[in-house]
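Novice: FYI, full-length UniProt numbering numbers position 635 of the sequence shown as 635, with every residue one higher than the one before it.
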Amino acid sequence: MLLPIKWLRDYIDFDIDIKELADGLSNSGSHVESIIDNKSGIEKIIVGRIEKINKHPDADKLVICDVNIGNKNLQIVTGAPNVFEGAIVPVAVDGAKIYGGKTIKKGKLRGVLSNGMLCSLEELGFSSSVVPKESKDGIFIFPEEVELGSDFFESLNMNDEVLELEITPNRPDCLSMVGMAVETAATFDLKRKVKDINIESTADNINDYIESIKIDTPNCNRYYARVIKNLEIKPSPIWLQSYLMQAGIRPISNIVDLTNFVMLELGQPLHAFDLDSINNKKVLVRQAKDGETTKTLDGEKRSLTTEDLVITDGDEIIAIGGVMGGYDSEVTSKTTTVLLEGANFNKENIRKTSRRLGLRSEASSRFEKGISETLAQKAVDRVAELVQKMGIAEVVEGYIDANNFTTTEKTIKLRKEKCNRLIGIEFSIQEISNILNRLEIETEIKEDYLIAKIPQIRLDLNIEEDLIEEVARIYGYQNIEPKKLVGTLTVGKKPKFRNVENKIKNILFGLGYSEFMTYSFISPNAYNKSNYIEDDKNIIKILNPLGEDYSVMRTTLIPSMIESLAKNYARGNEKVGGFEIGNTFIPTGDKLPSENLKLCLGFYDLGDFYYLKESIEKSLWYLGIENLEIRRVTKSFLHPGRSAEIYLNDFCLGIMGEIHPNVLKNYGLKKKVYVAELDFDTIVKNTIDNYLYKEMPKFPTIKRDFAFVIDRDIDSVELEKISKKHGEKLLESFKVFDIYEGDNIEEGKKSVAFSLVFRAPDRTLEDSEVSEISGKIVADIEKDLNAKLRS
Numbered sequence: 001m002l003l004p005i006k007w008l009r010d011y012i013d014f015d016i017d018i019k020e021l022a023d024g025l026s027n028s029g030s031h032v033e034s035i036i037d038n039k040s041g042i043e044k045i046i047v048g049r050i051e052k053i054n055k056h057p058d059a060d061k062l063v064i065c066d067v068n069i070g071n072k073n074l075q076i077v078t079g080a081p082n083v084f085e086g087a088i089v090p091v092a093v094d095g096a097k098i099y100g101g102k103t104i105k106k107g108k109l110r111g112v113l114s115n116g117m118l119c120s121l122e123e124l125g126f127s128s129s130v131v132p133k134e135s136k137d138g139i140f141i142f143p144e145e146v147e148l149g150s151d152f153f154e155s156l157n158m159n160d161e162v163l164e165l166e167i168t169p170n171r172p173d174c175l176s177m178v179g180m181a182v183e184t185a186a187t188f189d190l191k192r193k194v195k196d197i198n199i200e201s202t203a204d205n206i207n208d209y210i211e212s213i214k215i216d217t218p219n220c221n222r223y224y225a226r227v228i229k230n231l232e233i234k235p236s237p238i239w240l241q242s243y244l245m246q247a248g249i250r251p252i253s254n255i256v257d258l259t260n261f262v263m264l265e266l267g268q269p270l271h272a273f274d275l276d277s278i279n280n281k282k283v284l285v286r287q288a289k290d291g292e293t294t295k296t297l298d299g300e301k302r303s304l305t306t307e308d309l310v311i312t313d314g315d316e317i318i319a320i321g322g323v324m325g326g327y328d329s330e331v332t333s334k335t336t337t338v339l340l341e342g343a344n345f346n347k348e349n350i351r352k353t354s355r356r357l358g359l360r361s362e363a364s365s366r367f368e369k370g371i372s373e374t375l376a377q378k379a380v381d382r383v384a385e386l387v388q389k390m391g392i393a394e395v396v397e398g399y400i401d402a403n404n405f406t407t408t409e410k411t412i413k414l415r416k417e418k419c420n421r422l423i424g425i426e427f428s429i430q431e432i433s434n435i436l437n438r439l440e441i442e443t444e445i446k447e448d449y450l451i452a453k454i455p456q457i458r459l460d461l462n463i464e465e466d467l468i469e470e471v472a473r474i475y476g477y478q479n480i481e482p483k484k485l486v487g488t489l490t491v492g493k494k495p496k497f498r499n500v501e502n503k504i505k506n507i508l509f510g511l512g513y514s515e516f517m518t519y520s521f522i523s524p525n526a527y528n529k530s531n532y533i534e535d536d537k538n539i540i541k542i543l544n545p546l547g548e549d550y551s552v553m554r555t556t557l558i559p560s561m562i563e564s565l566a567k568n569y570a571r572g573n574e575k576v577g578g579f580e581i582g583n584t585f586i587p588t589g590d591k592l593p594s595e596n597l598k599l600c601l602g603f604y605d606l607g608d609f610y611y612l613k614e615s616i617e618k619s620l621w622y623l624g625i626e627n628l629e630i631r632r633v634t635k636s637f638l639h640p641g642r643s644a645e646i647y648l649n650d651f652c653l654g655i656m657g658e659i660h661p662n663v664l665k666n667y668g669l670k671k672k673v674y675v676a677e678l679d680f681d682t683i684v685k686n687t688i689d690n691y692l693y694k695e696m697p698k699f700p701t702i703k704r705d706f707a708f709v710i711d712r713d714i715d716s717v718e719l720e721k722i723s724k725k726h727g728e729k730l731l732e733s734f735k736v737f738d739i740y741e742g743d744n745i746e747e748g749k750k751s752v753a754f755s756l757v758f759r760a761p762d763r764t765l766e767d768s769e770v771s772e773i774s775g776k777i778v779a780d781i782e783k784d785l786n787a788k789l790r791s
């Protein structure tokens, strides 16, 4: 943003060096990127009037001008096409310096003496983007009488510098002269001049000119309008043009320049419509229809979507709301009656439209940052006031205010203790109040806290910390003495599950497994391919997937494990075993999904079902988890009869088994594959942090071997349960060493042989004690399991 110092003085009286001013504003948060001096390096440019123009005798494109510079007349030769007798122009006299360091000297042009040069604004350092259209291809012509012989920059009110500011996106109020006046006054503890808007008696009634204004979209919060009649379109006066040019805007015509002037002054974009071009004398604000087109002020035809906001006359589009006006409703030299609009739009909607159309204007850049709804009326009324003061038109009586908003007073409680603690300065509550009052934030002191009434234009102030930041920046960060950091030291350590994870990884590495890592998102087809039955409602689908193969979040690690083993098999790798510890994701209704940590094992050619069982038991034993119970289970993706669930204290810890042959075919595997999946969160909860060690036993063991014929469907774990029941504290181990079906075993039966090892910790066992326990075990097995002891 460009801040002309001349314009700033209209709101504040100050005598501050420009460098000090720039440093102060930068320190308070309005970063000054550069100081622009329009007249730097330019000398001896004065104002003159062309009294007479004669043709050049030897050049068709040159003319000889007799230029009055106040105390004398100069003969100057020029090729400018827009000169005329009576034109007041900038003159570079002999010895003058223009933009770029070039010195002007008198000399002959095609044989005719020229005592200087008539200047264009570009030759005086102005950007072509701010040069008025009528002077774009020629010299600059003053729109009104100016003292001849006076300094050019003094005549344009451009003696003062301009500050180029970087305004943060959360401070749209600072994209205005009044907003920066508030900041300047607060920074240097000055008083701002507050100007009341006063519109004198007006003519006619607005209802005679405009039938209705309606809002039919939630993206427009307010539409405030007035009508101006008997308008004569002509160039703006010098003061207005110079203000706009210094602020980076090209002067166009008096009414358009006034809307731009007030936009820069108050921060509220405005638009002037040629009322005669609004056919139905109605205004309807709505969303565009998909594929609808309109021609904008820049002459381009724009294709719109339903996300774009448009201003219409009920039928035809006359503007793209908040971005750019329509070509057919533009104010022209023939315009006599104007509808003056001050509107407030949804900032996200304007931002999307501006980005999609590639249209970024002064208006859209303000709307997309957010503007207070209260500014619309103030800005339109300010233009009406200036129209009357300048005497360029009449203001029609009344206004129309269509709105979808309610004004609420926003207050914030600010505690002295918290303010001082965060800033590190001991302020009194009165000092805090005074700083906020400098920012025109009204405060009411209540003991050790205050209540701040937030101005409507300060959309960035919402919580207590926002006010504390205001106090700190106006006080000056550079004035806050650095202090040593105060805090308590804590010893960092890994969480429990990380330690357990490291332990179990080391155990599995020692058992011949490698660590696998797979994606958390998989293909929905993975469930069908692995025959892992999963309800579609139990799967989380990704809204913006990388592709079909990564479109759902996994609920199990097993399909990924089989896929990894299949890839290893396809590449000829032998004896592959792997494990993965990763999250699975389960929907929980409207809440975030539940993330459950799982441990998955898988291998081929490392062993059989019992090696998988042994891997699990050994891994968990090292973590202090014992007494696992294995129960037969049937799962669609596992081999029937070679699958089981693992229980810990009646809680299902996981599942294990051999992959079903049909599933192996789906993956092109021709080897037996074994997998297991365990609930890792439960493993962590049951892990023992400190192990208790016992002395090596001093006394010998007594071993008994038994073989029973039992039904094929009875699991050997049932034999173990009965043995432990009677073994009390003397049974040291139970181990199955043979399972046999075949000759001498009747159909539907199997022979299970197992060993029982007994030991007493404090004495040598008597054979009679073991025989008594063994007898009870045999009796209960025969009775409960309908088993027969083999001789």
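From the three backbone atoms N, C-alpha and C, an ideal C-beta is built for every residue, glycine too.
At 4 residues or longer, and completely inside the UniProt domain "TRNA-binding" (39-153): list those alpha helix (DSSP H) runs for me, N to C.
Specialist: none
Novice: Just checking, does the segment 25-36 make contact with the segment 192-209 on the three C-beta pairs under 8 Å criterion?
Specialist: no
Novice: Report the rounded CA-to-CA distance for P455 versus I64, giving the unit in angstroms.
Specialist: For the purposes of this step, residue 455 is taken as the residue at position 455 of the sequence shown. For the purposes of this step, residue 64 is taken as the residue at position 64 of the sequence shown. Straight-line Cα distance between these residues: approximately 60 Å.
Novice: Just to confirm the assignment: which complete beta strand (DSSP E) runs, minimum length 3, are found wholly within the UniProt domain "FDX-ACB" (697-790)?
Specialist: 702-711, 731-740 and 749-758
Novice: For K416, is the classification buried or exposed, using 16 other Cβ atoms within 10 angstroms of its Cβ as the cut-off for buried?
Specialist: Against the sequence shown, residue 416 aligns to sequence position 416. Under this definition K416 is a buried residue.
Novice: Name the two residues that bound the continuous alpha helix (DSSP H) containing residue 875.
Specialist: No information on residue 875 is available, as it lies outside the stretch 1 to 791 that the chain covers here.
Novice: Relative to the alpha-carbon of G29, which residue among A472, C600 and L648 has its alpha-carbon at the smallest distance?
Specialist: Within the sequence shown, numbered from 1, the residue matching residue 29 stands at position 29. Comparing Cα-Cα distances from G29 to each of A472, C600 and L648, the minimum goes to A472.
Novice: Taking the continuous beta strand (DSSP E) assigned at F651, which residues delimit it?
Specialist: As a first step, residue 651 must be located in the sequence shown, where it is residue number 651. Per DSSP, F651 belongs to the beta strand (DSSP E) from F651 to I659.
Novice: Looking only at its chain, what residues have a beta carbon closer than 7 Å to the beta carbon of V130, apart from the 5 residues adjacent to it on each side?
Specialist: For this step, residue 130 is matched to residue 130 along the sequence shown. For V130, where only same-chain residues beyond five positions count, the Cβ hits under 7 Å are M245, G248, I249 and R250.
Novice: By DSSP's criteria, Y449 is part of a beta bridge. Which residues make up the other side?
Specialist: Translated into positions along the sequence shown, residue 449 becomes position 449. Answer by DSSP bridge pairing, in chain order: R415 and K446.
Novice: Please list, in chain order, all residues of the same chain as R458 whose beta carbon is under 7 Å from its beta carbon, the five residues on each side excluded.
Specialist: Locating residue 458 in the sequence shown gives position 458, where the first residue counts as 1. Cβ within range, chain order: D173.
Novice: Which class does T406 belong to by DSSP, given the choice of helix, strand or coil?
Specialist: Position 406 of the sequence shown, counted from the first residue, corresponds to residue 406. Three-state DSSP puts T406 in coil, outside helix and strand.
Novice: How many Å lie between T408 and L436 at the Cα?
Specialist: Here the question's residue 408 lines up with position 408 in the sequence shown. Here the question's residue 436 lines up with position 436 in the sequence shown. T408 and L436: Cα-Cα distance of roughly 20 Å.
Novice: Report back the beta-carbon spacing between I5 and D160 to the nearest angstrom; my notes put them in contact at under 8 Å.
Specialist: Taking the first residue of the sequence shown as 1, we reach residue 5 at position 5. Taking the first residue of the sequence shown as 1, we reach residue 160 at position 160. Right, the Cβ-Cβ distance comes to about 4 Å (below 8 Å), so this counts as a contact.
Novice: Sorted by chain position, which residues of the same chain lie with C-beta nearer than 7 Å to L638's C-beta, five sequence neighbours on each side aside?
Specialist: Counted from its first residue, the sequence shown places residue 638 at position 638. Within the same chain, L638 has close Cβ partners G657, E658, I659 and H660.
Novice: Would you call the CB atoms of F153 and C119 closer than 8 Å?
Specialist: In the sequence shown, the residue the question calls residue 153 occupies position 153. In the sequence shown, the residue the question calls residue 119 occupies position 119. No, the Cβ-Cβ distance between F153 and C119 is not below 8 Å.
Novice: Looking only at C-alpha atoms, which of L511, K334, N279 and I197 sits nearest to G607?
Specialist: Locating residue 607 in the sequence shown gives position 607, where the first residue counts as 1. Of the candidates L511, K334, N279 and I197, the one whose C-alpha sits nearest the C-alpha of G607 is L511.
Novice: Y674 and F603 - do their beta-carbons sit closer together than 8 Å?
Specialist: Translated into the one-based positions of the sequence shown, residue 603 becomes position 603. Translated into the one-based positions of the sequence shown, residue 674 becomes position 674. Note that the C-beta distance between F603 and Y674 is below 8 Å.
Novice: Give the DSSP-derived three-state secondary structure of S333 in the structure shown.
Specialist: If you number the sequence shown from 1, residue 333 lands on position 333. Of the three classes helix, strand and coil, the one that applies to S333 here is coil, per DSSP.
Novice: Any idea if E265 is buried or exposed, counting beta-carbon neighbours within 10 angstroms, 16 or more meaning buried?
Specialist: Translated into positions along the sequence shown, residue 265 becomes position 265. With 16 or more other Cβ atoms within 10 Å, it is buried.
Novice: Take the Cβ of Y11 as the centre, count every other Cβ of all protein chains shown within 10 Å, and call the residue buried at 16 or more, exposed below.
Specialist: Your numbering for residue 11 matches position 11 in the sequence shown. Classification for Y11: buried.
Novice: Roughly how many angstroms lie between the CA atoms of L258 and D298, to the nearest whole one?
Specialist: Your numbering for residue 258 matches position 258 in the sequence shown. Your numbering for residue 298 matches position 298 in the sequence shown. So the two alpha carbons sit approximately 20 Å from each other.
Novice: Considering only DSSP beta bridges, list what F509 is partnered with.
Specialist: Indexing the sequence shown from 1 puts residue 509 at position 509. F509 is not bridged to any residue.
Novice: Going by DSSP in three states, M324 sits in which element: helix, strand or coil?
Specialist: The residue you call residue 324 lines up with position 324 of the sequence shown. M324: strand per DSSP, three-state reduction.
Novice: Check R642 in the structure and name its three-state DSSP category.
Specialist: Counted from its first residue, the sequence shown places residue 642 at position 642. DSSP places R642 in strand when its eight states are reduced to three.
Novice: Opposite L597 in the DSSP bridges: which residues?
Specialist: For the purposes of this step, residue 597 is taken as the residue at position 597 of the sequence shown. Per DSSP, the beta-bridge partners of L597 are N583.
Novice: Under the DSSP definition of a beta bridge, which residues are partnered with S514?
Specialist: As a first step, residue 514 is located in the sequence shown; it is residue number 514 there, counting from the start. According to DSSP, which records beta bridges pairwise, S514 is partnered with G578.
Novice: For S212 and M158, which I take to be in contact (beta-carbon distance under 8 Å), what is that distance rounded to the nearest angstrom?
Specialist: Locating residue 212 in the sequence shown gives position 212, counting from the first residue. Locating residue 158 in the sequence shown gives position 158, counting from the first residue. With 8 Å as the limit, S212 and M158 do not qualify as a contact, their Cβ atoms being about 45 Å apart.
Novice: Under the criterion of a Cβ to heavy atom distance below 7 Å, does N198 qualify as lining the ligand ZN?
Specialist: No copy of the ligand ZN occurs in the structure displayed, which carries no ligand at all.
Novice: If you follow the beta strand (DSSP E) that Y209 is part of, which residue opens it and which one closes it?
Specialist: Sequence index remark: in the sequence shown, residue 209 carries index 209 (1-based). Unbroken run through Y209: none, as it is neither H nor E.
Novice: Would you check if there are 3 or more beta carbon pairs closer than 8 Å linking the segment 678-697 to the segment 628-636?
Specialist: no
Novice: Between L190 and K39, what straight-line distance do the alpha-carbon atoms span, to the nearest angstrom?
Specialist: Translated into the one-based positions of the sequence shown, residue 190 becomes position 190. Translated into the one-based positions of the sequence shown, residue 39 becomes position 39. Taking the straight line from one Cα to the other gives about 28 Å.
Novice: Let me know the beta strand (DSSP E) ranges lying completely inside the segment 234-289, each 3 residues or longer, listed in chain order.
Specialist: 270-274 and 282-287
Novice: Roughly how many angstroms separate the alpha carbons of I781 and F708, rounded to a whole number?
Specialist: The residue labelled residue 781 in the question sits at position 781 within the sequence shown. The residue labelled residue 708 in the question sits at position 708 within the sequence shown. Near 9 Å, if we compare the C-alpha coordinates of F708 and I781.
Novice: Just to confirm my understanding: we take F405, look at its own chain, exclude 5 residues before and 5 after, and list those with CB closer than 7 Å. What are they?
Specialist: Locating residue 405 in the sequence shown gives position 405, counting from the first residue. Closer than 7 Å at the Cβ level, and outside the excluded window around F405, lie N221, R222 and E373.
Novice: What are the boundary residues of the alpha helix (DSSP H) that S361 is part of?
Specialist: Start at 1 with the first residue of the sequence shown, and residue 361 comes out as number 361. Segment: none, S361 is in no alpha helix (DSSP H) and carries neither H nor E.
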